[in-house]
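The block underneath contains the structure these notes are about, expressed in structure tokens.
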């Protein structure tokens, strides 16, 4: 058992208001540069929708992630969907799976100068749209959030790859005015345990830090093969067209190393994001990624370890995990949601990269139809809110849709989670002082939870203090430095020398 | 209500729809409506939202240029076609200014307006009392206005956009 610590983020999708403050914070901090205009290391998508880049979940087209090959060779060998062995060499200089700028969008701005320099006329001038890359006039036809709030739904929402697995009636309901529904899905790099980007790089320029699991691109080693861009199934590595290097979300490690949450997390208006340490067993990764679809979630959760278990603590210490980090893992809100209460899931586990960022699936309003001018709920006439626990399909967001996103198609997992969340909501509405009515307590038990757990979930969801939401351990940089250099020498030399910015050919 | 359609009715063919201008998602009225981040994260400018079935009947596809007109003014912008808009309704989020990416109106020949060009204030005693808005000046004073934003417009597709 090789225990390591991992910095993980959790998104509570019930709270996301789709304001994109996270995207702007990341953009202002990291990608406001030439060559990075089209990059959104953090982006927010409207779901159902096509996402950014367009239809990134279509791995038949983009060839991202890993493939599980049943009965291949001595064990079910995992293979990069992008290529393997000789196929990789053949594609090295011409990778047909590489997304092009059209899959993202052409960044635009406006020729504001025209407002001053237009020729004299009898009508006021206007600033026409131009490309940020070429400077030439262009028609604006795509963007990083083009289908926001179901804009263009006949095209973009309808072509959401997750809708392929929906029953026909359910799929049709998503286009009907009284039944239409949408949610927001913020995404960053998942800093996976089994990253396809790391595996795909021919130069070995991408690596995963052992101390916290952050996946980074070494821009000195990067040779612009862009296999990482194609191999990432979440399309969260981007190519900088100006420097000729690949870039990605760095989980704001300079902020984390100084005790601050990543910019996206810190700036989140809806306070949907949680940061915490998870302890995981690195030895289990080859096995956990290598099981049939139905077993993926169970194996993945087993890879995450109990930070209170003495055996785990001993193994962590033996492997160099600092006591502060073990303590942080014990207070980790991500651990509570993912493993203790089991209401959070990673995105698209079937890509087998073992994403380490988690989502709590959203509750949604009850389906309704308009009959004779009145709104009728798709429940019995005498609507008891308990009824929702028995009829989760009455919710507008199809269970199958959430299952396609978060549980490798396993509806039972989503039902269990939604039932627990409804039960918590019911309990908090109905509890009076110390005594709660038996029917409510029964509903709680049926949903697999207790009053104590419901209170705990409620508190961490709605009333967390900033330092309960972001539990960040001290990074002890001095000890990391110590492993490769005399700290006093480092201290004396820090700040001298020059950093070479990334550029082609370096 | 319909007296702002009398002239336009004779002018050109267009589908009569109810016009609403809800508060914008990416701005506070016109403040920040031209912010580059917000424009990139939406459609480059606040689009005209149309119901998908209405758009199909008018031969309008997502991101086509569309013209809204009535007796008060004219507005030309690209559209967002969506199943979430009720039939017979057109949304334009409030508010953008007339400086960025505003084409000429094919109908009336001059530069098109902004979303308030289609609305109008109907003066009434309630607007005259209290010393608000147009009757008040103070440093940084922001007062309420009496614009009636729930009105009716004609909708038609723009075949060729001209800036």
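Protein chains in written order, with the numbering used here: chain H, 1 to 506; chain S, 1001 to 1163. For glycine and all other residues, C-beta sits at the position ideal for the given N, C-alpha and C. It should be emphasised that the depicted structure is a prediction, and the values quoted were computed from it without experimental measurement.
Counterpart residues of residue i in DSSP-defined beta bridges
i	result
residue 233 of chain H	None; residue 233 of chain H has no bridge partner.
residue 1023 of chain S	S:1094
residue 1082 of chain S	S:1051
residue 157 of chain H	Looking at the DSSP assignment, residue 157 of chain H forms no beta bridge with any residue, so it has no partner.
residue 1089 of chain S	S:1018
residue 1121 of chain S	S:1147
residue 300 of chain H	Per DSSP, none; premise fails for residue 300 of chain H.
residue 1060 of chain S	Residue 1060 of chain S pairs with nothing; no bridge assigned.
residue 1035 of chain S	BP columns for residue 1035 of chain S are empty, so no partner.
Enclosing alpha helix (DSSP H) for residue i [first to last residue]
i	result
residue 276 of chain H	No alpha helix (DSSP H) contains residue 276 of chain H, which is instead part of the beta strand (DSSP E) from 273-281.
residue 313 of chain H	310-318
residue 357 of chain H	Not the alpha helix (DSSP H): residue 357 of chain H falls in the beta strand (DSSP E), residues 357-360.
residue 406 of chain H	399-406
residue 461 of chain H	451-462
residue 253 of chain H	253-256
residue 21 of chain H	21-30
residue 1046 of chain S	It is not in any alpha helix (DSSP H) - residue 1046 of chain S carries neither H nor E in the DSSP assignment.
residue 421 of chain H	411-430
Range of the contiguous beta strand (DSSP E) that encloses residue i
i	result
residue 8 of chain H	3-12
residue 512 of chain H	The requested residue 512 of chain H does not occur in the structure, where chain H is confined to residues 1 to 506.
residue 245 of chain H	245-248
residue 208 of chain H	206-208
residue 1065 of chain S	1065-1069
residue 1151 of chain S	1151-1157
residue 1107 of chain S	Careful: residue 1107 of chain S lies outside any beta strand (DSSP E) and carries neither H nor E.
residue 216 of chain H	215-217
residue 108 of chain H	108-110
Cutoff 8 Å: residue i Cβ touching any chain S Cβ
i	result
residue 146 of chain H	yes
residue 116 of chain H	no
residue 128 of chain H	yes
residue 21 of chain H	no
residue 180 of chain H	yes
residue 69 of chain H	no
residue 175 of chain H	yes
residue 151 of chain H	yes
residue 140 of chain H	yes
residue 123 of chain H	yes
residue 143 of chain H	yes
Beta-carbon contacts of residue i that lie in its chain and below 8 Å, excluding the five residues immediately before and after
i	result
residue 1038 of chain S	1026, 1027, 1032
residue 40 of chain H	23, 26, 27, 31, 52, 144
residue 411 of chain H	399, 400, 403
residue 1007 of chain S	1071
residue 184 of chain H	13, 16, 17, 18, 44, 45, 46, 47
residue 490 of chain H	481
Chain H within 8 Å of residue i, Cβ atoms only
i	result
residue 1107 of chain S	no
residue 1048 of chain S	no
residue 1086 of chain S	yes
residue 1095 of chain S	no
residue 1146 of chain S	no
residue 1043 of chain S	yes
residue 1063 of chain S	yes
residue 1071 of chain S	no
residue 1163 of chain S	yes
residue 1083 of chain S	yes
residue 1076 of chain S	no
residue 1028 of chain S	no
residue 1100 of chain S	yes
Beta-carbon proximity list for residue i, same chain, < 6 Å, skipping 5 on both sides
i	result
residue 396 of chain H	181, 364, 365, 367
residue 157 of chain H	48, 49, 150
residue 1072 of chain S	1004, 1118, 1120
residue 504 of chain H	244
residue 521 of chain H	Since the first residue shown for chain H is 1 and the last is 506, residue 521 of chain H is missing from the structure and cannot be characterised.
residue 1098 of chain S	1114
residue 483 of chain H	none
Other residues of its chain near residue i: CB distance less than 7 Å, five sequence neighbours each side excluded
i	result
residue 283 of chain H	1, 2
residue 1087 of chain S	1051, 1053, 1054
residue 359 of chain H	11, 13, 344, 345, 347, 406
residue 241 of chain H	35
residue 103 of chain H	53, 54
residue 1013 of chain S	1156
residue 8 of chain H	276, 278, 334, 356, 357, 358
Amino acids of chain C, ordered along the chain, whose beta-carbon sits closer than 7 Å to that of residue i
i	result
residue 27 of chain H	Looking for chain C here will not work: the only protein chains present are H and S.
What runs of the alpha helix (DSSP H), each 4 residues or longer, lie entirely inside the stretch 33-98 of chain H? List check, alpha helix (DSSP H) in window: 59-62, 86-91.
Which parts of the stretch 126-153 of chain H are runs of the alpha helix (DSSP H), unbroken and 4 residues or longer, counting only runs that do not cross its ends? Listed in chain order, there is nothing to give.
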